[in-house]
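If you read the sequence shown in the working numbering, its first letter stands for residue 23, the second for the next number, and so on.
Here a beta-carbon is modelled for each residue, glycine too, at the ideal position from N, C-alpha and C.
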Amino acid sequence: MSHLSIETVDHDGVVVMALNGDVDITNVDRARAAIQDQMNTHPIGIVLYLAVGFFASTGLAMLGEANQRARQAGIGFAVVATGRASLRSLTVTGLGQVLMLHETVPHAVEALRQASAVARPDLAL
């Protein structure tokens, strides 16, 4: 079983989830459930920071599903991917063009705040 830790921090309504380790078939369901748990709290947005050494196709499917669920729920969703494994997978599959992809967590948080202020002005901070 591959190691995966998931750390979650709330940045005034924008949830940042850091996935550390490897994402593969042995742990993707745990990551998927953690993302869904955060969506159930109805945050302004979710930033998924991929601090991973290995990112299998099951992880890519998880990202696509999470992006779709967030969109349907009116929750912003962004991904921060700086590591070679995740960036290469996102680029080769074209998923990086579908997701809101950022180079840093602060940029992603700010982008979700700005998008929320336009889409949901009642939630603007």
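Range of the contiguous alpha helix (DSSP H) that encloses residue i
i    : result
G86  : S79 to A95
S111 : R106 to T115
Close beta carbons around residue i, own chain, < 7 angstroms, minus the five adjacent residues each side
i   : result
T8  : Nothing about residue 8 can be read from this structure; the chain reaches only from 23 to 147.
H33 : V131
Span separating the alpha-carbon of residue i from that of residue j
i    : j    : result
V120 : S24  : 27 angstroms
G35  : A139 : 12 angstroms
I47  : A133 : 31 angstroms
Same chain, Cβ closer than 6 angstroms to residue i, neighbours up to 5 away in sequence not counted
i   : result
L72 : L41, A103 and S108
Test item: CB-CB of residue i and residue j under 7 angstroms
i    : j    : result
L112 : G118 : yes
I97  : M61  : yes
Limits of the unbroken beta strand (DSSP E) element including residue i
i   : result
I57 : Here I57 belongs to no beta strand (DSSP E); instead the alpha helix (DSSP H) covers V50 to M61.
I28 : L26 to H33
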